[in-house]
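Here is the structure we will look at.
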Amino acid sequence: MLNLTKKLESKLSRLQYLNRNKTKFSSNWKKAQLKIAQLHNRIANIRKDTLHKLTTYLAKNHSQIVIEDLNVSGMISNHKLAKAVADMGFYEFRRQLEYKCELYGSKLIVVDRWFPSSKTCSHCGEVKQFLSLSERVFNCEGCNFSCDRDLNAALNLAMAVSSTVTACGLDNADVARMKQE
């Protein structure tokens, strides 16, 4: 999907560039505007179709799905990430997951946006104070554990919502919170 939309977006950009100096409302301008509109529509349909297929697959094949409550408006305020974040359609992804999980009998769990899933070591529970977005590999100074940043966050999200109760009567989410403090 990504390759196809990137190709279509570059084609769209080229069409818009070529259309910039045409006289407004001339027949050539109208033809170009129609092509641009069709291309916009095609890109939107590809994104919509991909989102539907992904959310249906997740809801049908997984009994429990955990996602983060992301601060999308904050992410969009970063001008370097804005287009990529807006194109992802996080809200639509979450909305579709909510109704499809209900439809297929899956459980959707939304973790609080302040839970430090990327900054916490999934091996020992130590929390890094600062982790830049360019750091794609998580390295723990406490236990020398190293893994992909996104995999580490996924492991932390899985541990945060697991329903196993410890000998003290606390579930793993409480234990994770205690380790952070």
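Under our numbering, think of the first position of the sequence shown as 1, with each following residue one higher. Note that beta-carbon positions come from the ideal geometry of N, C-alpha and C, so glycine has one too. These numbers were taken from a predicted model, which means no experiment stands behind them.
Just curious, the beta strand (DSSP E) that Leu-108 is in, first and last residue? 107-111
Measuring CA to CA, which of Gln-33, Val-72, Ile-43, Ser-63 is closest to Arg-20? Gln-33
Those residues which DSSP pairs with Thr-50 across a bridge: Note: Thr-50 sits in no beta bridge, so no partner.
Output the residue ranges of the beta strand (DSSP E) runs that lie fully inside the segment 22-108 and measure 3 residues or longer, sorted by chain position. 64-68
Nearest-angstrom Cα distance between Val-66 and Gly-125? 19 Å
Contact between the segment 94-104 and the segment 114-134 is defined here as three or more beta-carbon pairs at a separation below 8 Å; is this criterion met? no
Exposed or buried, what is Leu-100 when buried is set at 16 or more other beta-carbons lying within 10 Å of its beta-carbon? For clarity, residue 100 is Lys in the given sequence; the question names Leu instead. Buried: at least 16 other Cβ atoms inside 10 Å.
Fully enclosed by the segment 128-159, which beta strand (DSSP E) runs are 3 residues long or longer? 137-139, 146-148
Beta-carbon within less than 6 Å of Asn-152's beta-carbon, same chain only, minus the 5 sequence neighbours each way: which residues are those? Ser-122, Phe-138
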